[in-house]
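Protein chains in written order, with our numbering: chain Z, 8 to 340; chain E, 2 to 324.
C-beta atoms are modelled at their ideal positions from N, C-alpha and C, and glycine is treated no differently.
Data block below; observations after.
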């Protein structure tokens, strides 16, 4: 393993490289105010990172695992936290309610995946339909605003360093450590690499799957709650976060086929996306042009990054393992 | 082993066929039940105009699901089809009506773009999920560029199609859906290309060793998806009488559900055109039923989600009985 390290870049390199290039372009276009750009990016990125971390855990749990309900859960978390916060007067209870809702909604997905054996993408889609019905009902005649203290904290940036970003960076570090140093983390990644082998080796596969989906639901709901406190709750608040969360996770180097989670890469991908939006706004592109360029850049990053120093290129064994995984998956479906 | 009534008749069929056809059969049962309930609530649907009315919004979904089915038969997933169909409606309502030649070129270009996407997926072993995700931003951008706000004007021949009343009082949407499905069935099940598609999904190594270019096969498959997407977009713009890139972003996931309901699999190697048609019509009729039931539009998605889970749970139960 070490010998590979010496010759290849870590998987998150490409996402940060892309972010830095966009940052340099931004500096070149705007001329000045570089620190401000960075502060703004670090104020907006943590929400996407939170959703991305959950999505990353789900995707690392093997091929086929994806949570397409994060967008709707994000919106629900936002609405619910503001509503509960307003009713009880405590933003802590609001955040708690959002986390509980995220947990409960993810539990629906977990039951559907584990016991009804529905493929994850369809199961989480069904969940997202249920969630959007709850959000729509909740949003009828919705009024309310975030707690000023929480709102103040989220936009608080001493010396240009957003405090909330630091919290999320700490969380990212914790997630990395859990994945790297705990038994649970190794079990999860082993499960993602070879479902059947991990099962035979005594990994409690159901617990792993349940844990990643529940964590993803809680992260998405909390991110939504905080995002809604930062700006304003809205049924459509989370819509962009579904596609963006999948994109930043994969750009960050996490394997869609599972078994390799790259928490640092989520930051790289999120900063890349947020900085790119900022740059395109700066040079005055409209929403249409922004999307076209964003699409081409995502494809370009994929084109450059995917053929690079990924282990699969060096030895044929990971390829065959992925195929046999597919067969195992096929049996399961 | 105790074999119950319905399972016995199914076991009379070859087991493989029974297992392949079973999911679609169950969905078919659900579809018929939904149709009958709709008919009881609103007997007017049993007429040419009534059936046309409830079926015409489903045509685009059915053809879009065919596109997703082809994609899933090669083991890929298309997360961009919703915006792609939206972009096509924008093209139809802006370019095709005013300058037909440029419009046709644009539609052909969209198909070509899909083929290139297939090349990217194959050459750089990029996961299809994420490549199509990137492409969906492009479709959205192009659609917004062509038609910044919903509207536009569809060509006259599309108007004529929508008002077409076929003889023998067969509803026009059903004819369109069956023709589209039959063509997809023929291509995926009865041609060499279709066999290549399916073996790309089930065993790409074997396909390559038999001397077939994986790159060419994947590009052809993606182009097929593009063609079906274009057809779906054209029927959708006829239905909504204009263009809107944001008309059906939900199709991306709904089409996947339709394929799964019809017996398709994520792992590829299986093409189920008729099953997919049944799945798409079931999902479409579900919306009609919920509207008939006067259910609050806010609650409709939840019921839809629960019914999808219920149908798949029912399949699991019957599946176990057959095995």
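Give the interface partners of residue i over in chain E, defined as CB-CB distance under 7 Å, in chain order.
| i | result |
| --- | --- |
| residue 124/Z | 317 |
| residue 71/Z | 267 |
| residue 368/Z | Not covered by the structure: residue 368/Z. The range shown for chain Z is 8 to 340. |
Consult DSSP for residue i and reduce its assignment to one of helix, strand or coil.
| i | result |
| --- | --- |
| residue 212/E | coil |
| residue 69/Z | coil |
| residue 244/E | strand |
| residue 61/Z | helix |
| residue 101/Z | helix |
| residue 152/E | strand |
| residue 288/Z | helix |
| residue 303/Z | helix |
| residue 19/Z | coil |
| residue 26/Z | helix |
| residue 186/E | helix |
| residue 296/E | coil |
| residue 8/Z | Confidence at residue 8/Z is low in this model, with a pLDDT of 48, below 50, so the placement of that residue is unreliable and no value is reported for it. |
| residue 34/Z | helix |
| residue 297/Z | helix |
| residue 172/E | coil |
| residue 153/Z | coil |
| residue 228/E | helix |
| residue 75/E | coil |
| residue 167/E | coil |
| residue 271/E | coil |
Thinking residue i and residue j are a contact (beta carbons under 8 Å), I'd like their distance in whole angstroms, please.
| i | j | result |
| --- | --- | --- |
| residue 198/E | residue 185/E | The Cβ separation is near 11 Å, so there is no contact. |
| residue 105/Z | residue 84/Z | 4 Å |
| residue 283/Z | residue 29/Z | 5 Å |
| residue 233/E | residue 64/E | 4 Å |
| residue 67/Z | residue 234/Z | So it is not a contact: roughly 24 Å between Cβ atoms. |
| residue 284/E | residue 259/E | 6 Å |
| residue 34/Z | residue 58/Z | 28 Å between Cβ atoms; not a contact. |
| residue 75/E | residue 202/E | 5 Å |
| residue 112/E | residue 231/E | 6 Å |
| residue 237/Z | residue 161/Z | 5 Å |
| residue 126/E | residue 81/E | Not a contact, Cβ separation roughly 19 Å. |
| residue 113/Z | residue 248/Z | The pair is not a contact, with the Cβ atoms about 15 Å apart (cut-off 8 Å). |
| residue 189/E | residue 60/E | The Cβ separation is near 19 Å, so there is no contact. |
I want to verify the contact list: residues of chain E whose CB lies under 8 Å from the CB of residue i, in sequence order.
| i | result |
| --- | --- |
| residue 296/Z | 142 and 146 |
| residue 268/Z | The contacting residues do not exist; residue 268/Z stays about 15 Å from chain E at best. |
| residue 137/Z | 302, 303, 306 and 307 |
| residue 263/Z | 128, 130 and 131 |
Using a cut-off of 7 Å between C-beta atoms, extract the partners of residue i located in chain Z.
| i | result |
| --- | --- |
| residue 254/E | 75 and 132 |
| residue 207/E | Within 7 Å Cβ-Cβ: nothing; residue 207/E doesn't reach chain Z, min ~11 Å. |
| residue 22/E | Residues of chain Z passing the Cβ test: none, with the nearest at roughly 16 Å. |
| residue 121/E | 306 and 310 |
| residue 258/E | 129 and 132 |
| residue 261/E | 126 and 129 |
Provide the residue span of the alpha helix (DSSP H) that contains residue i, from first to last.
| i | result |
| --- | --- |
| residue 123/E | 101-124 |
| residue 314/E | 301-323 |
| residue 325/E | Past the boundaries of the shown model lies residue 325/E; chain E is included only from 2 to 324, so the question cannot be answered. |
| residue 129/E | 129-147 |
| residue 127/Z | 127-146 |
| residue 94/Z | 77-95 |
| residue 261/E | 252-262 |
| residue 159/E | 157-163 |
| residue 91/E | 82-92 |
Please list, in chain order, the chain Z residues whose beta carbon lies closer than 9 Å to that of residue i.
| i | result |
| --- | --- |
| residue 86/E | Neighbours of residue 86/E on chain Z: none; closest Cβ ~16 Å, over 9 Å. |
| residue 201/E | Within chain Z, no residue comes near residue 201/E; the closest Cβ sits about 13 Å away, beyond 9 Å. |
| residue 314/E | 119, 122, 123, 124 and 125 |
Run through chain Z and tell me which residues come within less than 8 Å of residue i, C-beta to C-beta.
| i | result |
| --- | --- |
| residue 299/E | 140, 143, 144 and 147 |
| residue 310/E | 119, 123, 125, 130 and 133 |
Which chain E residues sit within Cβ distance under 9 Å of residue i?
| i | result |
| --- | --- |
| residue 60/Z | None at all; the shortest Cβ gap to chain E is about 17 Å. |
| residue 253/Z | 80, 130, 131 and 134 |
| residue 102/Z | Neighbours of residue 102/Z on chain E: none; closest Cβ ~25 Å, over 9 Å. |
| residue 99/Z | Those within 9 Å of residue 99/Z in chain E number zero; the least Cβ separation is about 29 Å. |
> Quick one: complete alpha helix (DSSP H) runs, 4+ long, within the segment 156-239 of chain Z?
Replying inline: 170-188, 190-200, 202-207 and 212-237
> Can you list, in chain order, the stretches of the alpha helix (DSSP H) that have 4 or more residues and sit fully within the segment 240-286 of chain Z?
Replying inline: 246-258
> Unbroken alpha helix (DSSP H) runs of length 4 or more, entirely within the segment 12-56 of chain E: which are they?
Replying inline: Those alpha helix (DSSP H) runs which fall completely within the segment 12-56 of chain E and span 4+ residues are 16-42.
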